[in-house]
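*Asks:*
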């Protein structure tokens with residue numbers, strides 16, 4: 302196969318290009334079969350590439366003169382800011398120069414750009430955003446958390462198939478379990494969307510459907526793939542983040558509240574940190590936007606080098622396993 | 302006004318009638334203006350009433366020969382099990398003997414019974430289940446978490462009004478803030494339901510609408526009233542419960558993992574317990590089913606005496622403030 306080539310948008314995030322280049326440098330050192338195209342401010346990127354000793358034979362800069370921010374209207378920004386770091390990076394995938402693109406920029410613009418520039422794979426009706434949600438057990442792929450709400454049963458059905466392909470090929474899970482997020486365990490429970498989707502999932506031989514899961518079970522790792530409409534997925538993902546922050550703030554405040562608790566904190570700090578490390582999951586990469594003709598990965602706006610290098614590893618894995626083709630072939634005959 | 306009379310279903314929960322009677326006894330001691338009607342096994346109830354020194358002049362038993370369990374189909378059970386403790390208790394409200402009823406039984410049966418036996422107030426299209434969600438700040442009323450999914454904009458609009466009346470009269474919050482659960486902060490974000498509901502809420506003079514809140518903000522107490530469709534509310538409520546349990550299990554396991562952490566645990570235990578007490582909220586009573594001709598309160602299946610006595614206090618408060626009439630008059634002219 303061709304060289305693995307991954308485009309990275311260095312702008313649009315909160316922390317600037319430096320962490321992005323640090324992550325690129327780490328990934329280049331770790332994997333000798335990859336090449337990186339990085340878009341952004343050429344002068345700045347050149348200096349960071351120097352500073353972090355990137356292998357210059359395997360990293361190419363595309364200079365951009367514009368940035369898309371969270372305040373830009375996504376679709377309009379994608380259409381008009383043709384020289385933005387995000388559009389230039391997406392173009393490399395569209396043109397076949399790269400097979401994947403990573404951005405920490407505006408979620409809306411990444412989702413819009415994925416669809417309008419990279420384009421949907423044939424037969425795919427909707428392209429879901431599918432982050433891994435850390436749980437007490439194995440992480441679950443929460444599909445869809447994106448911006449396209451009011452899904453139809455056939456959309457959720459396709460999400461289940463795409464999610465299964467992803468978890469099998471990227472997380473190495475054999476016959477991944479698929480569940481639908483519901484408000485009861487029985488098939489007759491749920492809203493109209495869920496009730497119409499369940500029979501489609503039950504009849505599908507390509508997936509390992511285990512039925513409905515209630516949200517109470519999600520933190521325990523109820524299934525490898527959790528299928529839901531983007532509105533519900535987005536609520537779950539953001540509520541998860543909010544609950545995590547709130548709990549950590551409460552615990553920190555508790556531990557710092559008196560001399561006695563501060564001494565207690567010293568004794569438990571390291572173990573506590575280890576216990577909760579798995580809920581961070583920046584080492585798992587970013588959230589893939591699935592069902593496109595190439596891979597688009599959204600990483601956090603406040604990402605640091607570790608998340609960038611993990612996302613590059615995730616893209617490499619995706620490309621090496623030819624997951625785009627696997628998704629395309631799963632839908633090509635209109636299934 | 303009439304005597305405050307509250308019906309309590311002693312069966313259907315996980316812990317049997319004893320905790321229920323303990324809670325009743327506590328409430329009777331605390332409030333001398335209430336009377337209780339308790340449904341269940343007469344012999345058993347008589348012995349517990351004796352054991353816990355209930356004021357016998359203010360507690361009346363209605364003997365029941367049937368129980369509705371979680372395994373019964375709710376609507377069918379309500380129709381057929383006419384001598385069940387739940388149906389008998391609901392009948393006391395329908396007949397005007399009591400103004401409120403509390404049950405720890407099957408949620409589905411309580412919701413069905415509330416609608417079919419107690420009946421909707423005039424003008425109310427749907428009766429939402431509205432628990433208080435503990436947050437880092439003040440608790441938020443999450444309305445709707447019930448079983449009636451696929452709400453229409455006018456339903457959410459009514460939930461906002463009912464929730465405001467509840468929070469003002471029961472939690473004593475002046476001009477309670479109302480927000481809609483959404484996937485973005487701007488009015489143009491959301492699914493079709495949310496986008497159609499927002500203008501109705503913006504135009505309503507009776508509520509203090511502050512716009513959309515993302516789920517990330519919910520654990521911090523984003524608004525006094527959080528309006529959403531029952532599917533979304535149910536997911537939030539159950540995910541909240543699951544996240545809480547999972548975090549507590551992780552912390553307990555961490556603290557018990559070595560001698561060093563066990564010593565640390567001794568030093569922080571009391572403060573930690575105090576910090577997280579507010580997230581338990583069994584002292585806030587149960588989840589009211591609003592918009593009925595009387596008050597129906599659902600308490601946890603595994604409730605203990607504290608939750609029962611709090612729920613009785615909640616009902617007393619509701620009745621004393623005549624909240625049912627306030628809700629009825631808010632909708633009587635078809636607003």
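Residue numbers (my numbering), protein chains in the order written: chain Z, 302 to 636; chain F, 302 to 636.
We treat Cβ as the ideally placed atom computed from N, Cα and C, and that holds for glycine.
Small disclaimer: the values here were computed from a predicted structure and weren't measured.
1. Tell me the rounded alpha-carbon separation between residue 537 of chain F and residue 391 of chain F.
2. Between residue 641 of chain Z and residue 570 of chain Z, what straight-line distance do the alpha-carbon atoms span, to the nearest angstrom?
3. Measuring CA to CA, which of F:491, F:463, F:396 and F:335 is closest to residue 616 of chain F?
4. Let's see if you can read the secondary structure: which residues bound the beta strand (DSSP E) around residue 589 of chain F?
5. With DSSP as the reference, identify every bridge partner of residue 342 of chain F, one or two as the case may be.
6. Should residue 500 of chain F be labelled buried (16 or more other beta-carbon atoms within 10 Å of its own) or exposed?
7. So with CB distances below 7 angstroms, who are the chain F contacts of residue 573 of chain Z?
8. Along the beta strand (DSSP E) that carries residue 404 of chain F, what are the first and last residues, could you check?
9. Return the Cβ separation of residue 401 of chain F and residue 620 of chain F in integer angstroms, given the expectation that the two are a contact with Cβ distance under 8 angstroms.
10. When the distance is taken between beta carbons, is residue 428 of chain Z closer than 8 angstroms to residue 591 of chain Z?
11. Provide the residue(s) that pair with residue 512 of chain F in DSSP beta bridges, ordered along the chain.
12. Could you check whether residue 375 of chain F and residue 407 of chain F sit closer than 8 angstroms to each other, using their CB atoms as the reference points?
13. If we require 4 or more residues per run, which alpha helix (DSSP H) segments fall completely within the stretch 481-568 of chain Z?
14. List the endpoints of the continuous beta strand (DSSP E) containing residue 596 of chain Z.
15. Mapping the DSSP letters down to three states, classify residue 310 of chain F as helix, strand or coil.
16. Is the CB-CB distance between residue 564 of chain F and residue 568 of chain Z below 8 angstroms?
17. What residues of chain F sit near residue 491 of chain Z, judged by a beta carbon separation below 9 angstroms?
18. Would you please state the rounded distance, in angstroms, between the beta carbons of residue 511 of chain Z and residue 531 of chain Z? I believe it to be under 8 angstroms.
19. Can at least three beta-carbon pairs, one atom from the stretch 516-532 of chain F and one from the stretch 502-522 of chain Z, be found at a separation below 8 angstroms?
20. Between which two residues does the beta strand (DSSP E) harbouring residue 444 of chain F extend?
21. Taking Cβ positions only, does residue 548 of chain Z come closer than 8 angstroms to chain F?
22. Output the distance between the C-alpha atoms of residue 438 of chain Z and residue 486 of chain F, rounded to the nearest integer angstrom.
23. Given a threshold of 16 other Cβ atoms within 10 Å of its Cβ, counted over all protein chains shown, does residue 340 of chain Z qualify as buried or as exposed?
24. Please confirm if the stretch 445-463 of chain Z is in contact with the stretch 416-432 of chain Z, defined as three or more CB-CB distances below 8 angstroms between the two stretches.
25. So, does the stretch 345-360 of chain Z touch the stretch 320-333 of chain Z, judging by three or more C-beta pairs under 8 angstroms?
26. Are any of the Cβ atoms in chain F nearer than 8 angstroms to that of residue 354 of chain Z?
27. Determine the burial state of residue 473 of chain Z: buried for a count of at least 16 other Cβ atoms within 10 Å of its Cβ, exposed for fewer.
*Replies:* Concretely, from the data shown:
1. In the second chain, counting from the first residue as 1, residue 537 of chain F sits at position 236. In the second chain, counting from the first residue as 1, residue 391 of chain F sits at position 90. Roughly 28 angstroms separates the two Cα atoms.
2. The question about residue 641 of chain Z has no answer here: the residues shown for chain Z are numbered 302 through 636.
3. In the second chain, counting from the first residue as 1, residue 616 of chain F sits at position 315. Taking only the C-alpha atoms, the option nearest residue 616 of chain F is F:335.
4. As a position in the second chain, residue 589 of chain F is number 288, starting the count at 1. Start and end: 588-590.
5. As a first step, residue 342 of chain F is located in the second chain; it is residue number 41 there, counting from the start. Paired residue(s): none; residue 342 of chain F is not in a bridge.
6. Walking along the second chain from the start, residue 500 of chain F turns up at place 199. The residue in question, residue 500 of chain F, is exposed, as its Cβ has fewer than 16 Cβ neighbours within 10 Å.
7. Walking along the first chain from the start, residue 573 of chain Z turns up at place 272. Ordered by position in chain F, the residues that pass the 7 angstroms Cβ test against residue 573 of chain Z are 555.
8. As a first step, residue 404 of chain F must be located in the second chain, where it is residue number 103. It spans 401-404 - the beta strand (DSSP E) in which residue 404 of chain F sits, taken as one unbroken run.
9. Reading the second chain from its first residue, position 100 is the one you call residue 401 of chain F. Reading the second chain from its first residue, position 319 is the one you call residue 620 of chain F. At roughly 6 angstroms, the Cβ-Cβ gap stays under 8 angstroms, so residue 401 of chain F and residue 620 of chain F are in contact.
10. Along the first chain, read from residue 1 onward, the residue named residue 591 of chain Z stands at position 290. Along the first chain, read from residue 1 onward, the residue named residue 428 of chain Z stands at position 127. For residue 591 of chain Z and residue 428 of chain Z, yes; Cβs fall inside 8 angstroms.
11. For this step, residue 512 of chain F is matched to residue 211 along the second chain. Bridge partners of residue 512 of chain F: F:480.
12. Locating residue 407 of chain F in the second chain gives position 106, counting from the first residue. Locating residue 375 of chain F in the second chain gives position 74, counting from the first residue. Yes, these two residues count as a Cβ contact at 8 angstroms.
13. 493-504 and 531-556
14. Counted from its first residue, the first chain places residue 596 of chain Z at position 295. Unbroken beta strand (DSSP E) run through residue 596 of chain Z: 596-599.
15. For this step, residue 310 of chain F is matched to residue 9 along the second chain. Three-state result, residue 310 of chain F: strand.
16. Residue 564 of chain F sits at position 263 when you count from the first residue of the second chain. Residue 568 of chain Z sits at position 267 when you count from the first residue of the first chain. Yes.
17. Here residue 491 of chain Z is taken as the residue at index 190 of the first chain, counted from 1. Residues of chain F passing the Cβ test: 450 and 532.
18. Residue numbering aside, residue 511 of chain Z sits at position 210 when the first chain is read from its first letter. Residue numbering aside, residue 531 of chain Z sits at position 230 when the first chain is read from its first letter. Residue 511 of chain Z to residue 531 of chain Z, Cβ: 22 angstroms. No contact.
19. no
20. One-based indexing of the second chain puts residue 444 of chain F at position 143. Element bounds for residue 444 of chain F: 441-444.
21. Within the first chain, residue 548 of chain Z is the residue found at index 247, counting from 1. Residue 548 of chain Z counts as touching chain F.
22. By one-based count along the first chain, residue 438 of chain Z stands at place 137. By one-based count along the second chain, residue 486 of chain F stands at place 185. One C-alpha to the other measures close to 32 angstroms.
23. Translated into positions along the first chain, residue 340 of chain Z becomes position 39. It is buried - the Cβ of residue 340 of chain Z has at least 16 other Cβ atoms within 10 Å.
24. yes
25. yes
26. Counting from 1 along the first chain, the entry for residue 354 of chain Z is found at position 53. Output row for residue 354 of chain Z: interface = no.
27. Residue 473 of chain Z sits at position 172 when you count from the first residue of the first chain. Burial call: exposed.
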